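Input: a single structure, listed below in structure tokens.
Structure representation (structure tokens):
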């Protein structure tokens, strides 16, 4: 079994090596080969992951014992490397391999004829491989290695179209911003090592549970680790990189948003859940940040006009949900409101179950975006419209995805969201209400997007002839559409140790109805504004017919509908404020620090006058300074 | 009161400071080399004084080695000065600042 | 302090006296007519023997002189080591002899190198 | 006295002399590089033959132990790599090729002595052997920049060695001996303030050696000299001479001044913080890649000094590991730069635009080395940072580690800028950049080493931990 586990993440890395060392230099006449290699390796990992899943299900307590190997010796303690094959790892493996495989299939159509074809698939393989390694790591150092590799790959892939300066800028931004979190993570790792003398996750969890590490020390460590997660899964205030990361190819966005990059953060919190949950302050921070991010990002999503940006903010919001789910259960555990073992398993189950479902419908939504822009050549939803007739498949699948993310019974999104809401209701009422409002907003912006892009008439340039995308792109979408219907029905939650849910029993709870009602309201509002244009659109046209005929531009009415009161108030009011805050304060701080450092460098540089004797003088001033230091502090 | 170790040490310190001043203040590279020699000889004085008053020969041996190495250093230094003078027509260290910042 | 510098003082006084006598003696001798007084232009020229200087004394030396100076250092260094080596050759014995031979050899390599590179020719 | 223990150094000096004499008679200078590299096998073989022995000879002046043998091997490898990477650079000279290689070999011999002597006089002589050869190499090109660099290096270096000697004189006068272990016994107790002579001595030693390892405020020479020197020599300076400085510091401060380790530990800690910060911050503002790497080496010296500040077996072995990782990484980066600047004849970062398309492998190697300098896995730089940070944390220097981590974040900015220019900008011309086989060999050696140490650091850690055991009997 250990060989299988190793093979799962080594295969894609191997395919990266093969592509970049053999195919790209020597066989660049036939770039298709790189696609086959990638598909083969990731497909193999998928099969192996399924095998492993079966083994884990059979294993007592859903944990497979794994051997580990001595890696290096620091001081007198030796660090062992190994893989962790428990239910959490098994589920994540399935998510990553399935989504990645589908994305690779889709990419063939999307990237067809791109000069960087080989490079693209090489990076994709490495990306998948390192994410799989991250999932399997049983040791913080090992995990951090893959953690950084994932960041590096996302840097390369976001900046894939480097001839576009904004792509380069977005890539650098993603890298630098996530690193800010990573340093907290690294510091926490070293700190924990200094305290406990081990990097082994299992041992650390055990030590935290028995209270060998605790108090403020544990809190700081936990918050440090969480800061890493905040950076990777784009939680407030380090979320700014994700919307810009749209500059990469759409399949990359799909992979990043669904399975690899951002999922890593949630996974990390889940993996170290027993440790983080042992500190009330830390887990409370997780819950609050999650809840706030969920609603904050939702407000952003309502004012965007870029197809992929809306989806990006929806991702941030959904990740906020997952953090919220983990957080609230943890709060319950920390308060002692729920038994320890039960609570720990439950938290992981709640968070990861939603991640599991989200992976499929989010990938699906991005494929829809890619397919739409493939036809229209733009991502601006104001220049789309009427795609429903032209691209029935895309529309149908996208509709399913939207319903799923909104959380309509019995689609996948419903189940995960339901659990999170009910847990929040038990342990953190305020956050629960925020989450409820977020449900409404989600419904609104998703269907605003749907109606503007697919409903109505086409508003783009006439020269574009709308055509449905090729089968190689449609098939994966259908596949994912099916998954994003049924994935919620799988007993993942129980498998992870969470609560089970009966298919119709879920409808018994009033909360389900409440959330469904809110979702319906959101959809209705979007429908009213953007599809039916009830709000006096027709009457206006009748009243101002002559004027209309004169000044009519085909955007005119749409702009009008953009400007109806609800949106107007929201846009000019609170959301615009948020947006400003996001752009200037949060983003500004990141940029400001960098700018300050650069300026400092420019100034200090002047000390280097090129005057030999000035350098000599510095030596002796230094000597005197050191002596003075001893005279004063010695 | 007799001439003791401390007098020699003071002498060497003074000499070292003089050399240092020259090395940092003079503008002619050759003169700077001379001043560095003065600093090294100040060290020699200290070494020999220690060995004389501590009755250890090591200090004198050290002094000999210092002289020798210093000579070698000066040779390379003069060679560089020649090279610079040929390419620049000056040995004024304040004007030798192509590279800065 | 003083007794240490006493000898130095005696030397100093002696030197001063000698110099003064050398300066004072000729005028005195002439004064008492012991030597005759027959001046002529040659006698009263700046240098009674040799010739007057031509041009300024600030002439720039060819940098080849520096090369010779650099070469000279090789042998200069040799000597520094030769003295202590010579006095204690007795204790050092054969090994010391060999060591010094090796040392010589290396310096000679340096000399040969300079020679072959044509540093010694005056082009 | 057992000459066999000195065999590596002797054979290396012999090799240097042979190369010089061959240069006088040979017509085809290309052979000289071959001879030099092939000849390095001899001292290497002697070193390996001595491996595992713990002896001293020449009245305790020369110590053969894991530490010195580790550094023997280290410097031999560095010399070989530098010579390999200089081949097509040097072949552009009309004359003086033999001298170039001979001087590199002689300085390597000096460095080996620096790591293995336990006596102040021989330390000084070895140090000057290194320094003088490097002065000559720095001014080797005889063009204005190069000779200016040589001049600055020599004058400042001479001043620094005068300072060092004064410190040595203080220590000698105080303890009446120049043998490190005897000094350790003769060191009077009662802290530094109790006897100012010792304080002065230690501070002057720190200054003198600090000049070699380029710590603030003794680093001012570094940028100018690195910019002016021939690029292979810049690489050599940045790894080998720095490593030699650290080796001799470890020797002197652990073997002779261990009694007052608390005092010099704090000096190094503070200097480390200042050094890494200044190096990184100023590096951001640079436009010349050699100059940028000069400041980056200053910053790296700051990280390295964390190993000195954390006075412990852990700290010093971390320091040695970091040295190994840093040497391979930095050398790799410089070799790539040599190849590129040979072609485009410029050191400006802007001129590297689109290098990924003109020289894919060179650009990849350079990017890889830069990533290792940032400290991103799976590279040697990452393991080295983890290891040395950990040592500092264990020694309760958490404040220093925090500063270092922040610095790492800053450094990512300017290293990545080069990567960005190479990969994300359009090349001025599609003309490919050639590189000689020897250079490619050296470069791939470095990159593979960096990768190996990043994935399996234990390969080197085992050796470094054995090497520092001599200081902690």
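Chains as they are written, first to last, in the working numbering: chain A, 1 to 634; chain B, 1 to 101; chain C, 1 to 123; chain D, 1 to 473.
Ideal Cβ placement from N, Cα and C applies to all residues, glycine included.
These figures come from a predicted structure and were not determined experimentally.
Excluding the five sequence neighbours on either side, which residues of its own chain have a C-beta within less than 7 angstroms of the C-beta of residue i, listed in chain order?
{"i": "residue 272 (chain D)", "result": "302, 305, 306, 309, 400"}
{"i": "residue 193 (chain A)", "result": "199"}
{"i": "residue 432 (chain D)", "result": "358, 359"}
{"i": "residue 126 (chain D)", "result": "110, 113, 114, 117"}
{"i": "residue 435 (chain D)", "result": "339, 362"}
Nearest CA to the CA of residue i: which residue from the options?
{"i": "residue 19 (chain B)", "options": "B:80, B:83, B:39, B:55", "result": "B:39"}
{"i": "residue 354 (chain A)", "options": "A:372, A:420, A:365", "result": "A:420"}
{"i": "residue 211 (chain D)", "options": "D:174, D:251, D:153, D:234", "result": "D:153"}
{"i": "residue 105 (chain C)", "options": "C:74, C:35, C:44, C:122", "result": "C:74"}
{"i": "residue 223 (chain D)", "options": "D:240, D:200, D:297", "result": "D:297"}
{"i": "residue 69 (chain C)", "options": "C:111, C:94, C:100", "result": "C:111"}
{"i": "residue 139 (chain D)", "options": "D:237, D:178, D:434", "result": "D:237"}
{"i": "residue 272 (chain A)", "options": "A:453, A:89, A:246", "result": "A:89"}
{"i": "residue 19 (chain A)", "options": "A:33, A:253, A:10", "result": "A:33"}
{"i": "residue 164 (chain A)", "options": "A:202, A:106, A:246", "result": "A:246"}
{"i": "residue 6 (chain A)", "options": "A:40, A:124, A:130, A:217", "result": "A:130"}
{"i": "residue 394 (chain A)", "options": "A:181, A:475, A:150, A:289", "result": "A:475"}
{"i": "residue 162 (chain D)", "options": "D:257, D:128, D:148, D:461", "result": "D:128"}
{"i": "residue 472 (chain D)", "options": "D:229, D:386, D:251, D:384", "result": "D:251"}
Can you list, in chain order, the residues of its chain with a C-beta nearer than 6 angstroms to that of residue i? Leave out the 5 residues immediately preceding and following it.
{"i": "residue 558 (chain D)", "result": "Shown here, chain D extends from 1 to 473; a query on residue 558 (chain D) therefore has no answer."}
{"i": "residue 2 (chain B)", "result": "none"}
{"i": "residue 173 (chain A)", "result": "241, 244"}
{"i": "residue 13 (chain D)", "result": "109"}
Using C-beta distances below 8 angstroms, list every residue in its chain close to residue i, excluding the 5 sequence neighbours before and after it, in chain order.
{"i": "residue 218 (chain D)", "result": "160, 207, 210, 211"}
{"i": "residue 1 (chain A)", "result": "52, 55, 64, 66, 85"}
{"i": "residue 96 (chain C)", "result": "85, 88, 89"}
{"i": "residue 133 (chain D)", "result": "103, 104, 106, 107, 110"}
{"i": "residue 340 (chain A)", "result": "209, 333"}
Can you have a look at residue i and say buried or exposed, based on whether 16 or more other CB atoms are within 10 angstroms of its CB?
{"i": "residue 409 (chain A)", "result": "buried"}
{"i": "residue 449 (chain D)", "result": "buried"}
{"i": "residue 94 (chain B)", "result": "exposed"}
{"i": "residue 45 (chain C)", "result": "exposed"}
{"i": "residue 361 (chain A)", "result": "buried"}
{"i": "residue 415 (chain A)", "result": "buried"}
{"i": "residue 119 (chain D)", "result": "buried"}
{"i": "residue 22 (chain C)", "result": "exposed"}
{"i": "residue 35 (chain A)", "result": "buried"}
Would the beta-carbon of residue i be found less than 8 angstroms away from any heavy atom of the ligand NAD?
{"i": "residue 291 (chain A)", "result": "Summarising the ligand content, the structure contains no ligands, and the ligand NAD is consequently not present."}
Could you tell me whether the stretch 439-452 of chain A touches the stretch 291-307 of chain A, using the rule of 3 or more Cβ pairs below 8 angstroms?
yes
The stretch 138-148 of chain A / the stretch 502-517 of chain A touching (three or more Cβ pairs under 8 angstroms):
no
Taking only beta carbons into account, state which residues of the stretch 77-98 of chain C come closer than 8 angstroms to chain B, listed in chain order.
77, 80, 81, 84
Would you be able to state if there are at least three C-beta pairs under 8 angstroms between the stretch 363-373 of chain D and the stretch 416-423 of chain D?
yes
So if I threshold CB-CB distances at 9 angstroms, which residues from the stretch 280-293 of chain D count as touching chain A?
280, 281, 282, 283, 284, 285, 286
Compile a chain-ordered list of the residues in the stretch 85-96 of chain B whose CB is closer than 7 angstroms to at least one CB of chain D.
87, 88, 96
Could you tell me whether the stretch 87-104 of chain D touches the stretch 275-284 of chain D, where touching means 3 or more Cβ pairs closer than 8 angstroms?
The stretch 87-104 of chain D vs the stretch 275-284 of chain D: no contact.
Identify each residue in the stretch 215-236 of chain D for which the Cβ-Cβ distance to at least one residue of chain A is less than 8 angstroms, and report them in chain order.
The residues in question are 216, 217, 218, 220, 221, 223, 224.
Say whether the stretch 375-392 of chain A touches the stretch 482-502 of chain A, bearing in mind that this needs 3 or more beta-carbon pairs closer than 8 angstroms, one atom from each stretch.
Not touching, per the Cβ criterion.
Output needed in chain order: residues of the stretch 604-616 of chain A with a Cβ under 8 angstroms from some Cβ in chain B.
605, 606, 608, 609, 610, 611, 612, 613, 616
Can you confirm whether the stretch 38-50 of chain A touches the stretch 149-161 of chain A when touching is taken to mean that 3 or more C-beta pairs between the two stretches lie within less than 8 angstroms?
As far as the Cβ criterion goes, the stretch 149-161 of chain A does not touch the stretch 38-50 of chain A, which means the pair count is below three.
Three-pair Cβ contact test at 8 angstroms for the stretch 24-39 of chain D versus the stretch 49-61 of chain D:
no
I'd like to know if the stretch 601-620 of chain A and the stretch 228-246 of chain D are in contact, where contact means that at least 3 CB-CB pairs between them fall below 8 angstroms.
no
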